[in-house]
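**Q**
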Amino acid sequence: MLYLDANATESPRPAALDAALAAMRVAGNPSSIHAAGRAARRVLEDAREAIARAFGGIPADTVLTAGGTEADTLALRGLSAGRRILAGATEHPAIRAIPHTEIPVQPDGTLDLAALEALLAEGEPALVAVMAANNETGVLHPLEQVAALCRAHGALLHVDAVQAAGRIAIPPGWDSLAISGHKLGAPMGAGALLLRPGLHPQAIITGGGQERGRRGGTEPLPAIAGMGVAAGLAVPDPRIAALRDAIEAGLPEGALVAGQAAPRLPNTSCVILPGVSAERQLLLLDQAGVCVSSGSACSSGKVSRSHVLLAMGLGEGAGQAIRVSLPWDAPEDTAERFLAAYRAMAQRLRR
Ligand code: PLP
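Heads up: the sequence shown runs through residues 1287 to 1637, numbered per my numbering.
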C-alpha cells in the first residue's frame, strides 16, 4: 500500500505513540490533587509547553482540546461576541459550519485581499477566520497581509493552522491559532487553541472548569501527550517537497494541478484529470494500492464537488480532482510508484 492521504491524517510517529501509551499507564486524573493526579498533571503541562513552544504560543494561553474542529469552534463561537464573522471561501467545514460572511478567493486559491479590506471597512468589528494552508490544494494565504489588514480595522484574526503546523513556518500576527494532533502524527483525539495573551474565549463546552474554565471535561491525556511529542518532531522537510515536485513533473499530459501558481504546502498536490470523475479515479487508484482522497468533500463517504475548487472558479474540474498528500515518512520511491498507478488509471479511464 502507498499511503498518500496525510492531510486526512498523518502517518503515526512512533515516539508519539510511545508517549500516548506511557500516558495511558499514568493512573491519575490531571485535576486530582493527590500524587497520581499530580503525575498526570505533569504529563499534561509538559505537552502543553511543547505544543505552545512549537507554534509560537504561551502555555498559559494554550487551551487543549479534543481536536482541530473543537479548537476552531472554540475560537469562532468563543471570541465572536459583538463581532461579525468573516471567513475565507475555501475554509474547512469546521469553520464553514458556523454562520459567517464569505471572503472570496482568487483563481489561484489565495484570499482576495481587496475583498477582505472592503468587508472590514463595512463598519462593525469583525472576527476574521483564514486558514494558513488549504487542506485540499495546499494553497497558502498571504497571512502577514491579512494580519495587517485585521490590525488596521480592529478585527481579530483566527488562523486554522491544522494543515500548516509542522509543514511550514506559520507567520505571526494571529490572535488565535488552531492545531490538530493527528495531523502532526499523534493519535487522534487531541488539539489545541493557542491564544494571544489577554484573549479569553467563552467556553463552548462547560462542565468542570478544566483548562482555566475555557474547555470543560477531563483532558484526553494520552492523545495530548502524543501531540506534545509530535509537535516537537513535525518540522518542514525538503525531502517531502522534492517527492511532491517529482510527482507533479511526471504527470501525464492534460492533468492539471490546482493552485500550482500559488505558494503551497510542500506535501500536497491537487490533481485534476479533465473529463474523469474523482470517484472513478479514487476507486482505480485504491485497487492499485494507492490511498489518496478527493478532499474534505468526501468525508461522508460520498464524493461530491469540492467547494474549494468551485471557489477557485474550476467548475467541472471540482468533481474531477484527487488530493495527493505525502506523509512525513513517504518512501523514497513514492513518485515512481504513484505515477505508474496514475498513468495506468488515466489511460484506462480516458479511453
Ligand atoms: N481544519 C482543517 C484545515 C482541516 O484540514 C481539518 C481536518 O481535516 C480540520 C480543521 C479538523 O481537524 P480535526 O480532524 O482534528 O477535527
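Glycine residues also receive a C-beta, built at the ideal position from the N, C-alpha and C atoms. None of the values given here were measured: they were computed from a predicted structure.
1. Determine the burial state of residue 1414: buried for a count of at least 16 other Cβ atoms within 10 Å of its Cβ, exposed for fewer.
2. Within the present structure, is the beta-carbon of residue 1417 separated from the nearest heavy atom of the ligand PLP by less than 7 Å?
3. In angstroms, rounded to a whole number, what distance separates the CA positions of residue 1253 and residue 1469?
4. Taking the beta strand (DSSP E) that residue 1558 falls in, what are its first and last residues?
5. Assign residue 1492 to one of two classes, buried (16 or more other C-beta atoms within 10 Å of its C-beta) or exposed (fewer than that).
6. So what does DSSP say about residue 1499, is it helix, strand or coil?
7. Looking only at C-alpha atoms, which of 1544, 1557, 1629, 1613 sits nearest to residue 1394?
8. Please name the residue, chosen from 1458, 1449, 1454, that lies closest to residue 1466 on a Cα-to-Cα basis.
9. For residue 1413, report the span of its alpha helix (DSSP H) as first-last.
10. Roughly how many angstroms separate the alpha carbons of residue 1579 and residue 1366, rounded to a whole number?
11. Between residue 1584 and residue 1634, what straight-line distance do the alpha-carbon atoms span, to the nearest angstrom?
12. Looking at the ligand PLP, does it come within less than 7 Å of residue 1468, judged from the CB to the closest heavy atom?
13. Excluding five sequence neighbours on each side, which residues of the same chain lie with their C-beta closer than 7 Å to the C-beta of residue 1582?
14. For residue 1481 and residue 1336, what's the separation of their Cα atoms in angstroms?
15. Name the DSSP bridge partner or partners of residue 1371?
16. Among all the DSSP beta bridges, which residues are the ones paired with residue 1291?
17. Around the C-beta of residue 1573, are 16 or more other C-beta atoms found within 10 angstroms, so that it is buried, or is it exposed?
18. Looking at the ligand PLP, does it come within less than 7 Å of residue 1471, judged from the CB to the closest heavy atom?
19. Measuring only from the beta carbon, is residue 1376 closer than 7 Å to any heavy atom that is part of the ligand PLP?
20. State the beta-bridge partners of residue 1481 as determined by DSSP.
21. DSSP state of residue 1550, grouped into three classes?
22. Quick one: what does DSSP say residue 1565 is sitting in, helix, strand or coil?
23. State the DSSP-derived secondary structure class of residue 1583, mapped to helix, strand or coil.
24. Going by the DSSP bridge assignment, what does residue 1389 pair with across the sheet?
25. State yes or no: is the C-beta of residue 1380 nearer than 7 Å to some heavy atom of the ligand PLP?
26. With a 10 Å radius around its C-beta and 16 neighbouring C-beta atoms as the bar for buried, classify residue 1452 as buried or exposed.
27. Should residue 1457 go down as buried or exposed, given a rule of 16 or more other Cβ atoms within 10 Å for buried?
28. Have a look at residue 1504 and residue 1338 and give me their C-alpha separation to the nearest angstrom.
29. Given the structure, does residue 1291 come close to the ligand PLP, in the sense that its CB is under 7 Å from one of the ligand's heavy atoms?
30. Grab me the residues of residue 1602's own chain with a C-beta within less than 8 Å of its C-beta, minus the 5 sequence neighbours each way, in chain order.
31. Go ahead and pull the three-state DSSP assignment for residue 1529.
**A** The answer reads as follows:
1. Counting the other Cβ atoms within 10 Å of the Cβ of residue 1414 gives 16 or more, which makes it buried.
2. Yes, the ligand PLP has a heavy atom inside 7 Å of this Cβ.
3. No statement about residue 1253 is possible, as the shown extent of the chain runs from 1287 to 1637 and does not include it.
4. Element bounds for residue 1558: 1554–1558.
5. Residue 1492 is classed as exposed because its beta carbon has fewer than 16 other beta carbons within 10 Å across all chains shown.
6. Of the three classes helix, strand and coil, the one that applies to residue 1499 here is helix, per DSSP.
7. When each option's Cα is compared against that of residue 1394, the closest is 1544.
8. Closest option to residue 1466, Cα to Cα, is 1449.
9. No alpha helix (DSSP H) holds residue 1413; the beta strand (DSSP E) holding it covers 1412–1417.
10. Approximately 33 Å, taken between the alpha carbons.
11. No answer about residue 1584 holds up, because its pLDDT of 45 lies below 50 and its placement is not dependable.
12. Under cutoff, so the answer is yes.
13. Residue placement at residue 1582 is flagged as unreliable, the pLDDT there being 47, under the threshold of 50; a coordinate-derived value is accordingly withheld.
14. The straight-line gap from Cα to Cα measures roughly 15 Å.
15. Residue pairing by DSSP places residue 1371 opposite 1413 in a beta bridge.
16. DSSP lists 1611 as partners of residue 1291.
17. By the neighbour-count criterion, in which 16 or more other beta carbons inside 10 Å mark a residue as buried, residue 1573 falls on the exposed side.
18. The ligand PLP never approaches residue 1471 closely enough for any of its heavy atoms to be under 7 Å from the residue's Cβ.
19. In this structure, the C-beta of residue 1376 stays at least 7 Å away from each heavy atom of the ligand PLP.
20. Answer is 1462.
21. Residue 1550: strand per DSSP, three-state reduction.
22. Reduced to three states, the DSSP call for residue 1565 is helix.
23. Summary for residue 1583: the model assigns pLDDT 48, below 50, so the residue's position carries little reliability; its value from the coordinates is reported in the next sentence. Reduced to three states, the DSSP call for residue 1583 is helix.
24. Residue 1389 pairs with 1374.
25. Because some heavy atom of the ligand PLP lies under 7 Å away, the Cβ of residue 1380 counts as near it: yes.
26. By the 10 Å Cβ count, residue 1452 comes out buried.
27. Burial call: buried.
28. Taking the straight line from one Cα to the other gives about 20 Å.
29. No.
30. Same-chain partners within the cutoff: 1560.
31. Correct three-state label for residue 1529: helix.
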